[in-house]
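*Asks:* Can you keep this structure in mind? I'll have questions shortly.
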Amino acid sequence: MWPWWPDGLKSHSRRVLLRRDPLSCYRTNCHCGNCRRAIGAQSVAWVIVDRVNFVIEKGEPRRFRTDTEAWRTFCPTCGTSITYESDRRADQVDLTTGSLDTPGDFAPQSDTYADEKVEWVGLVERLS
502 MWPWWPDGLK SHSRRVLLRR DPLSCYRTNC HCGNCRRAIG AQSVAWVIVD
552 RVNFVIEKGE PRRFRTDTEA WRTFCPTCGT SITYESDRRA DQVDLTTGSL
602 DTPGDFAPQS DTYADEKVEW VGLVERLS
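Under this note's numbering, the first residue of the sequence shown carries the number 502, and numbering increases by one thereafter.
And the structure:
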């Protein structure tokens, strides 16, 4: 069993616990228009974890329903985007890599919706 690691938004009154099990931790850059607009960036790096490996230990993020029927959460103190949740993948939670204390530990493995990427954005090189 992997240990629980505290991660994310520790300078605020929110705290995320994440079990870093490589078998349940997929990492991707999403280039879809919905993510770009929601986050305000050219793409969004996500850490996708099984819901059982994710706990909000402290604080309550704000939630809003998107026009695609997903839920996005953010820190009400600083506005940082925290999660994306979809009924289509109810057993998973997508965490914004940039909201974590150690984003360098979660390098993207792939690109999602690469056909929607902004022209000047590069893609993740495939590792062999």
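Glycine residues also receive a C-beta, built at the ideal position from the N, C-alpha and C atoms.
Quick one: using the 10 Å Cβ neighbour count with 16 as the cut-off for buried, is Asp595 buried or exposed?
*Replies:* Working through the sequence shown from its first residue, we reach residue 595 at position 94. With 16 or more other Cβ atoms within 10 Å, it is buried.
*Asks:* With contact counted as at least three CB pairs below 8 Å, one residue from each stretch, are the stretch 586-600 and the stretch 538-555 in contact?
*Replies:* The stretch 586-600, when compared against the stretch 538-555, does touch it at the 8 Å Cβ threshold.
*Asks:* For Thr603, count neighbouring C-beta atoms within 10 Å of its own C-beta (all shown protein chains included) and say buried if the count is 16 or more, exposed if not.
*Replies:* Locating residue 603 in the sequence shown gives position 102, counting from the first residue. Answer is exposed; the Cβ neighbour count stays below 16.
*Asks:* Figure out for me which residue from Arg589, Glu570, Tyr585 has the closest Cα to the Cα of Cys576.
*Replies:* What you label residue 576 is simply residue 75 of the sequence shown in a count that begins at 1. Taking only the C-alpha atoms, the option nearest Cys576 is Tyr585.
*Asks:* Excluding the five sequence neighbours on either side, which residues of its own chain have a C-beta within less than 7 Å of the C-beta of Ala571, listed in chain order?
*Replies:* As a position in the sequence shown, residue 571 is number 70, starting the count at 1. Closer than 7 Å at the Cβ level, and outside the excluded window around Ala571, lie Tyr585, Glu586, Ser587.
*Asks:* Under 9 Å, do His532 and Glu617 count as touching if we go by C-beta distance?
*Replies:* Here residue 532 refers to the residue found at position 31 when the sequence shown is read from its first residue. Here residue 617 refers to the residue found at position 116 when the sequence shown is read from its first residue. Closer than 9 Å, so yes.
*Asks:* Grouping DSSP H, G and I as helix and E and B as strand, with all else coil, what is Val619?
*Replies:* Start at 1 with the first residue of the sequence shown, and residue 619 comes out as number 118. Of the three classes helix, strand and coil, the one that applies to Val619 here is coil, per DSSP.
*Asks:* Spatial neighbours of Gln543 within its chain, please: CB distance less than 7 Å, with the 5 preceding and 5 following residues excluded, ordered by chain position.
*Replies:* Residue 543 sits at position 42 when you count from the first residue of the sequence shown. Closer than 7 Å at Cβ, skipping near neighbours: Arg537, Val619, Val622.
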